[in-house]
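Inspection log for the structure reproduced underneath, given as C-alpha cells.
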Amino acid sequence: MASGHRSILIAGAGATGLAAALELARRGFLARIVDSDAGPVPLTESRALGINARTLTLLSPSRVTDTILQEAQRIAHFRIVSKGRLLADIDTTRVPGPYSAIHALAQGHTERLLLGKLSDYEVAPEWQTAVETVSGDLSKPRVTLRKADGSVEAADFDIVVAADGAHSAVRRAVGIGFPGQALESSFYLADFRYAVPIDPGFAEISLFDPGMIGRLPVTRDVLRYISTLPDFESRIQHPAPVAERVWASDFRIHFRHVAMMARGNVFLAGDAAHIHSPAGARGMNLGIEDACWLAWLISEGREREYAGLRMPAVKTVLKQTHQLTSLITMKHPVAIAIRNLAVPLLLRIPAFRQKLLHGVSGYDTQSPPWIDGAL
Numbered sequence: 001m002a003s004g005h006r007s008i009l010i011a012g013a014g015a016t017g018l019a020a021a022l023e024l025a026r027r028g029f030l031a032r033i034v035d036s037d038a039g040p041v042p043l044t045e046s047r048a049l050g051i052n053a054r055t056l057t058l059l060s061p062s063r064v065t066d067t068i069l070q071e072a073q074r075i076a077h078f079r080i081v082s083k084g085r086l087l088a089d090i091d092t093t094r095v096p097g098p099y100s101a102i103h104a105l106a107q108g109h110t111e112r113l114l115l116g117k118l119s120d121y122e123v124a125p126e127w128q129t130a131v132e133t134v135s136g137d138l139s140k141p142r143v144t145l146r147k148a149d150g151s152v153e154a155a156d157f158d159i160v161v162a163a164d165g166a167h168s169a170v171r172r173a174v175g176i177g178f179p180g181q182a183l184e185s186s187f188y189l190a191d192f193r194y195a196v197p198i199d200p201g202f203a204e205i206s207l208f209d210p211g212m213i214g215r216l217p218v219t220r221d222v223l224r225y226i227s228t229l230p231d232f233e234s235r236i237q238h239p240a241p242v243a244e245r246v247w248a249s250d251f252r253i254h255f256r257h258v259a260m261m262a263r264g265n266v267f268l269a270g271d272a273a274h275i276h277s278p279a280g281a282r283g284m285n286l287g288i289e290d291a292c293w294l295a296w297l298i299s300e301g302r303e304r305e306y307a308g309l310r311m312p313a314v315k316t317v318l319k320q321t322h323q324l325t326s327l328i329t330m331k332h333p334v335a336i337a338i339r340n341l342a343v344p345l346l347l348r349i350p351a352f353r354q355k356l357l358h359g360v361s362g363y364d365t366q367s368p369p370w371i372d373g374a375l
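Letter 145 of the sequence shown, counting from 1, is numbered 145 in UniProt numbering, and no numbers are missing.
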C-alpha cells in the first residue's frame, strides 16, 4: 500500500517514535512525526544505555544495527559483587543468534543514528510542535498541534501513534489511565569521564547490604554509576583518574502500564504505554519493539491486533524488572543473606543462567515473524 493511502501522525521523536517512523518508511508509509522538544535528547544526558539483541534484530532490516555496532560497547560480562566477594560473573555473549545479549550506547547516539537513516526517506521530525488535543471520532482522530511560533493547526489522521513519553498528552487526551506504583526510595546516577581509556567490556553491581552501586560503560572513557545510596559518589572506586563529572541526576522508579494500548486508531507505544525500573535495560528496547510491531501490523492492515500482541510482552518485562529491582534494593538483613547465598548457587545451574540471559537479550517476548530466523 502506498504511503498516500493512509495519513499517520507519530507524536514523539524519541527512540520509539523514530523507530516507528523508520519502520513505516521502509514499508512505503511516510508518517508525519512531531515532538515538543527542540531536538533529540542531549548526548551527555541519556538515561537509556542498553541495546539488547532483540532490538539489534529488529533494526537489522533498516541497517541501523550496523551503525549501532560500530559505535556501541559490547558488554561481555555482568558481575555481581557483595562486600568484595564475587557472587556472579555472567558471560553475556553465550546466547544464540548473531548478537551478544547487550551492548551499551547512550540514547542520544541511538536517536541520532535513527534520525540519520530516517533522513534517507526524506522524513524529519517537526521539533517544538506539541499535541494539544485529540478529539472527534477516534477511528479518524482530529489532532490539534501547537507550533514553535504559537500558531495552531488542526488535522485529521487515519492513525495516531502516541510515543510521547510517560506524561503522554495523547494518552491523556483519549482518556486512557496509567495506573501503577512508585518505589519509596530514590535512585541516583552520575557519569564520569576518565583521563585515560577504561575497560568498557563489563557491567557490575556492587551490593552494600543494604544499598547498591551499579557500574555501566557509556563510552571507552566514560562510566555511569547508578545507586540507591545518596552518598554513593564518595564510595565509588574509580578505575582511573577522573577528568570530569559529566552529568548527574536522580529519579524515582515507577511501575505503570495502561490497561489498553489502543483506543480506536490511536495506538500507544514505549513510555506512553509502560514504564518500569531500568534493571535489565529493557525500557528503550521495549519501546522500539512496540514501534516495530506496530509498523509491521499497519503495513499488513492488521493494526487492530496490536494491543493483544503487545500486552503480554509488556507484562513479562514489568514482572522481570520488578523482580530484579527487588533483588538489588533489599534492606532486611535475613533477606539479604539468603539472596547472597542463593544467587551464586542458582547461577551455577545452566538452565537458570540461560533463562536470565534470554531475558537480558529480550528474547522472552514474541519473535518478529517478518524477520527470517529471528529468535
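A virtual CB, placed ideally from N, CA and C, is assigned to each residue, including glycine. Model, not experiment: these values are computed from the prediction.
On the DSSP letters alone, give me the boundaries of the alpha helix (DSSP H) that residue i sits inside.
i	result
N52	Run containing N52: none in the alpha helix (DSSP H); it sits in the beta strand (DSSP E), 50-52.
S326	306-328
L345	333-347
residue 410	Absent from the structure is residue 410, since the part of the chain shown begins at 1 and ends at 375.
L22	15-25
R171	169-173
What is the residue span of the beta strand (DSSP E) that residue i lies within?
i	result
S227	222-227
E244	242-257
S60	Taken as a continuous stretch (DSSP letters only), S60 belongs to no beta strand (DSSP E), as it is neither H nor E.
S82	77-82
P350	Looking at the DSSP string, P350 is not in any beta strand (DSSP E); the run it does join, the alpha helix (DSSP H), is 350-361.
I371	It is not in any beta strand (DSSP E) - I371 carries neither H nor E in the DSSP assignment.
L268	266-268
Sorted by chain position, which residues of the same chain lie with C-beta nearer than 7 Å to residue i's C-beta, five sequence neighbours on each side aside?
i	result
A240	Y194, A195, V196, I198
T67	L113
S139	G264, N265
A307	M260, M261, A262
L18	E111, L114, L115, L118
Taking the Cβ atom as the reference point for each residue, do residue i and residue j lie within a distance shorter than 8 Å?
i	j	result
R235	L223	no
L183	Y225	no
V170	A155	no
D290	A279	no
I10	F29	no
T365	A313	yes
R79	F202	yes
P350	A88	no
To which residues of the same chain is residue i closer than 8 Å at the C-beta, ignoring the five residues directly before and after it?
i	result
S62	L22, E23, R26, K117
For residue i, list the residues DSSP reports as bridge partners.
i	result
Q73	A104
P230	Answer is none; P230 lacks a bridge partner.
H274	H257
D209	Paired residues: none, contrary to the question.
G214	I205, I226
R32	L9
I159	I8
Under 6 Å Cβ to Cβ from residue i, same chain only, skipping five residues before and after it: list those, please.
i	result
Q128	A38, A148
R146	A130, E132, V152
Q73	A104, P200, P217
R357	The sequence given here places Leu at residue 357; Arg does not occur at that position. Correct list, in chain order: V95, A101.
V134	P141, V143, V170, A173, V174
R32	L9
residue 458	Nothing in the structure corresponds to residue 458, since the chain is present only between 1 and 375.
Complete beta strand (DSSP E) runs within the region 86-152 (minimum length 3 residues, chain order): 102-104, 130-135, 142-146
Those runs of the beta strand (DSSP E) which lie wholly inside the region 176-204 and span at least 3 residues: 180-194
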